[in-house]
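Below you'll find the structure, written out as structure tokens, and then a few comments.
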Amino acid sequence: MSTKHFLGNESTAAWAFLAPALILLLVFLITPFIMSLVLSFTSQRLVSPLPTKIIGLRNYIRLFGDGGFWQALRNNFLFAVVVVPLQSALALFLAILVNKRIPQIKIFRSLYFMPVVIPMVVVCVIWYFLLMYPEGLLNTLIQGATFKHIGPLDWLGNRSLALPTIILISIWQGVGFQMIIYLAGLQEISAELYEAARIDGANLWQQFRYITMPGLRNTHIFVLVTTTILAFKLFTQVEVLTQGGPLGATNTLVRYIYVAGYRELKVGYASAASVVFVLIVLMISIIQRRIFVEEHEVE
Amino acid sequence: MRHYLPIGVYYIILLFFAVAFLIPIVVMLATSLKSNELQVMNDMASIRAFWAPHPSLANYWSVLSGQGMGSTPWVRFLFNTVVIVGSIVALGVLVNSMAAFALARLRFPGRAFLVSFVVALIIIPFEGLAVPLLLMVNRFGWFDSYYVQIIPFIAHPFSIYLFYQFFNKIPKELNEAARVDGASWWQIYRKLIIPLSHPVIATVAILQSLEYWNSFLWPLMVTQGPEVRPLSVAMSTFFGQPPRNWGDVMAFAFLTSLPLLIVYFIFQRWFIQSIVQSGLKG
Numbered sequence: 000m001s002t003k004h005f006l007g008n009e010s011t012a013a014w015a016f017l018a019p020a021l022i023l024l025l026v027f028l029i030t031p032f033i034m035s036l037v038l039s040f041t042s043q044r045l046v047s048p049l050p051t052k053i054i055g056l057r058n059y060i061r062l063f064g065d066g067g068f069w070q071a072l073r074n075n076f077l078f079a080v081v082v083v084p085l086q087s088a089l090a091l092f093l094a095i096l097v098n099k100r101i102p103q104i105k106i107f108r109s110l111y112f113m114p115v116v117i118p119m120v121v122v123c124v125i126w127y128f129l130l131m132y133p134e135g136l137l138n139t140l141i142q143g144a145t146f147k148h149i150g151p152l153d154w155l156g157n158r159s160l161a162l163p164t165i166i167l168i169s170i171w172q173g174v175g176f177q178m179i180i181y182l183a184g185l186q187e188i189s190a191e192l193y194e195a196a197r198i199d200g201a202n203l204w205q206q207f208r209y210i211t212m213p214g215l216r217n218t219h220i221f222v223l224v225t226t227t228i229l230a231f232k233l234f235t236q237v238e239v240l241t242q243g244g245p246l247g248a249t250n251t252l253v254r255y256i257y258v259a260g261y262r263e264l265k266v267g268y269a270s271a272a273s274v275v276f277v278l279i280v281l282m283i284s285i286i287q288r289r290i291f292v293e294e295h296e297v298e
Numbered sequence: 000m001r002h003y004l005p006i007g008v009y010y011i012i013l014l015f016f017a018v019a020f021l022i023p024i025v026v027m028l029a030t031s032l033k034s035n036e037l038q039v040m041n042d043m044a045s046i047r048a049f050w051a052p053h054p055s056l057a058n059y060w061s062v063l064s065g066q067g068m069g070s071t072p073w074v075r076f077l078f079n080t081v082v083i084v085g086s087i088v089a090l091g092v093l094v095n096s097m098a099a100f101a102l103a104r105l106r107f108p109g110r111a112f113l114v115s116f117v118v119a120l121i122i123i124p125f126e127g128l129a130v131p132l133l134l135m136v137n138r139f140g141w142f143d144s145y146y147v148q149i150i151p152f153i154a155h156p157f158s159i160y161l162f163y164q165f166f167n168k169i170p171k172e173l174n175e176a177a178r179v180d181g182a183s184w185w186q187i188y189r190k191l192i193i194p195l196s197h198p199v200i201a202t203v204a205i206l207q208s209l210e211y212w213n214s215f216l217w218p219l220m221v222t223q224g225p226e227v228r229p230l231s232v233a234m235s236t237f238f239g240q241p242p243r244n245w246g247d248v249m250a251f252a253f254l255t256s257l258p259l260l261i262v263y264f265i266f267q268r269w270f271i272q273s274i275v276q277s278g279l280k281g
């Protein structure tokens, strides 16, 4: 009974249960978050004989004056603008395909999801092999299909092709995840709605347009936002496949931060870039919440 | 929905996508079974890339014995990844569910604020904290260790939130009844709430495993040697090392995909369930 008395006070018990998580979050999430803000105004380096100085906005001025930074940021936006609609549309299409109750459909569902559980680094290695220039399998296939009118293409070495190639690889790996989310959304739409629409003579497109799409509204928002944020976190693919090249054509914000902070040891400068990165992600999340709230008000 | 397409056409579309998802995996497997690098090169552009007429496990032996990897066998990296991901998941389930228990089941001043605080933390992306965190662990002298890859990732706002939502739905009367019977809060958490929470524990464990099995940026920055390096970084190092032997690289790649693939095919239903959960809560 003594333990009951000791932990009898609900408040005390609550803080005891919370303590491990709160301490860890404070040290490893909130502190680095504040550090990045503070460090971005200093000349801090990872290892340096010189003392750290406060240099005001100089990191930000240099950052905004660096073409490489804008290029990386532009690549992130390009990646997001292409990947988000393409991957969501494909995911929805696949979800509709595998939502049909026909024999063996579960096998297809499992297959489409499979790349999601393959580590991204492995995915990159396999695709690198398939995309080799000029003798890779994909080049052979394309040359065969077009009677040698197209190709061979230097998928990862060509400045204008490298980013689209990384987009395709990312979609191949990730689309199964969103497919499952859409599948769950589809299965929540009542079958009676479709039944009623058919009785009223609605065709397939009308059913999709007026029942499926509105029924998936929240699913759309979730998929769009998570895919956009993932697009801004893009790193593994470009580091493994192109190291940001050729000539920065596939560099991204996270890789820019990695190179500045880790390879060049410029912690202060990398922190300024990190602050910009976090602000962009926060902005996307806030816009999402706005849309979410408005959608609910409409209902 | 009714059948608007002939069922045969339907299966052709399904098969087309199945092939698109399978080709790379089949090529990986076939290439990994070719012991002769010249054969790999000759086959890579043709239909022969899809199978190995004389399958050999030579590449697997060389990867498993660590040739070309500074004599570190592949199993060493698997062990590292399992230690890291296993610790994050086990400690994470404990720490995050305890925090969520307090937030969902106990009354105390500041509770509502803490809930919205944790929700707000979900959106802070780790990639934006990596550099200051690097400076911090450098000061701690934590480089090249397991704990630098484990401790920062135990507390996880999204997992707390998933637990919180689940615990909230368990009837509150259970608390009261147990209190009247003289149970301590710890006993309520341990004996009452946790046994009811297997679905959410599975969800958190699977989502965390997928996330940290793939983690690349952080181990790339904080590990130097093979001793504590996880599979993802080892794979990329092995891939980037000249001279590249594609047979060995593909054997390494296949072995590296295998553990999660096996777990996925055994616990498929749970995987799907977890992904759905993560989506519904967004």
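Chains as they are written, first to last, in numbering that gives the first Met the number 0: chain A, 0 to 298; chain B, 0 to 281.
Here a beta-carbon is modelled for each residue, glycine too, at the ideal position from N, C-alpha and C.
These figures come from a predicted structure and were not determined experimentally.
Bridge pairing for Ile53(A): Thr41(A) [DSSP]. Proximity of chain A to Arg106(B) at the Cβ level (cut-off 9 angstroms) is accounted for by Glu9, Ser10 and Ala13, in chain order.
Collapsing the DSSP output to three states places Gly175(A) in a helix.
With a threshold of 7 angstroms between beta carbons, Trp73(B) makes no contact with chain A. Assigned with DSSP and collapsed to three states, Ser86(B) falls in helix. Residues are counted here when their Cβ sits less than 9 angstroms from a Cβ of chain A; for the segment 1-24 of chain B these are Arg1, His2, Tyr3, Ile6, Tyr9, Tyr10, Ile12, Leu13, Leu14, Phe16, Ala17, Ala19, Phe20, Leu21, Ile22, Pro23 and Ile24, given in chain order. The segment 86-97 of chain A and the segment 149-159 of chain A do not touch, with fewer than three beta-carbon pairs separated by less than 8 angstroms. Note on Asn213(B): 16 or more other CB atoms within 10 angstroms of its CB, so buried under the neighbour-count rule.
Secondary structure note for Arg178(B): its alpha helix (DSSP H) is the uninterrupted segment Glu172 to Val179.
Proximity of the segment 161-170 of chain B to the segment 89-107 of chain B meets the contact definition, three or more beta-carbon pairs being nearer than 8 angstroms. Contact between Phe78(A) and Ile170(A) does not hold, since their C-beta atoms are separated by about 11 angstroms, which reaches or exceeds 8 angstroms. Each residue's CA atom was taken as its position, placing His197(B) and Val88(B) some 14 angstroms apart. A straight-line Cα-Cα distance of about 39 angstroms links Gln186(A) and Trp185(B). Of all residues in the segment 126-159 of chain A, the ones placed with a Cβ closer than 8 angstroms to any Cβ belonging to chain B are Trp126, Tyr127, Phe128, Leu129, Met131, Glu134, Gly135, Leu136, Asn138 and Thr139, in chain order. Within chain A, the residues placing a beta-carbon under 7 angstroms from that of Thr255(B) are Pro118 and Val121, ordered along the chain.
A buried status is given to Glu126(B), since no fewer than 16 other beta-carbon atoms sit within 10 Å of its beta-carbon. Contacts with chain A at 7 angstroms (Cβ-Cβ) do not include Glu36(B). Within 7 angstroms of the CB of Leu85(A), no CB atom of chain B is found; the nearest one sits about 14 angstroms away. By the Cβ neighbour-count rule, Thr249(A) is buried, with 16 or more other Cβ atoms within 10 Å of its own. The beta carbon of Met282(A) does not come within 7 angstroms of any beta carbon belonging to chain B, so the residue lies off that interface.
Taking the C-beta atoms as reference points, Lys232(A) is found nearer than 7 angstroms to Val253(A). By the rule that beta-carbons nearer than 7 angstroms mark a contact, Ile179(A) touches chain B. Look at Pro84(A) here: in three-state DSSP terms it is helix.
DSSP, reduced to helix, strand and coil, places Lys190(B) within a helical segment of the structure shown. Using a CB distance below 9 angstroms, the part of the segment 119-145 of chain B facing chain A consists of Leu120, Ile121, Ile122, Ile123, Pro124, Phe125, Glu126, Gly127, Leu128, Ala129, Val130, Pro131, Leu132, Leu133, Leu134, Met135 and Asn137, ordered along the chain. Along the segment 100-179 of chain B, the alpha helix (DSSP H) occurs as fully enclosed runs of 4 or more residues at 110-120, 129-139, 146-149, 156-168 and 172-179, listed in sequence order.
In the three-state reduction of the DSSP assignment, Ser31(B) falls in the helix class. Collapsing the DSSP output to three states places Ile24(B) in a helix.
With a cutoff of 7 angstroms on beta-carbon distance, Val232(B) and Pro218(B) are scored as near each other. Residue state for Asn8(A) is assigned as coil, using DSSP reduced to three classes. Residue ranges of uninterrupted alpha helix (DSSP H) with 4 or more members, entirely inside the segment 186-240 of chain B and ordered along the chain, are 197-212, 216-221 and 230-239. Residue environment: Ala12(A) is assigned as buried (16 or more neighbouring CB atoms within 10 Å of its CB, all protein chains considered).
Near chain B, meaning a CB-to-CB distance below 9 angstroms, the residues of the segment 222-248 of chain A are Val222, Val224, Thr225, Ile228, Phe231, Lys232, Phe234, Thr235, Glu238 and Val239.
If you check the CB distance, Gly246(B) and Asn58(B) come in under 7 angstroms.
For Met212(A), the closest Cβ of chain B is not nearer than 7 angstroms. Per the Cβ contact rule, the segment 178-195 of chain B is not in contact with the segment 112-123 of chain B (fewer than 3 Cβ pairs under 8 angstroms).
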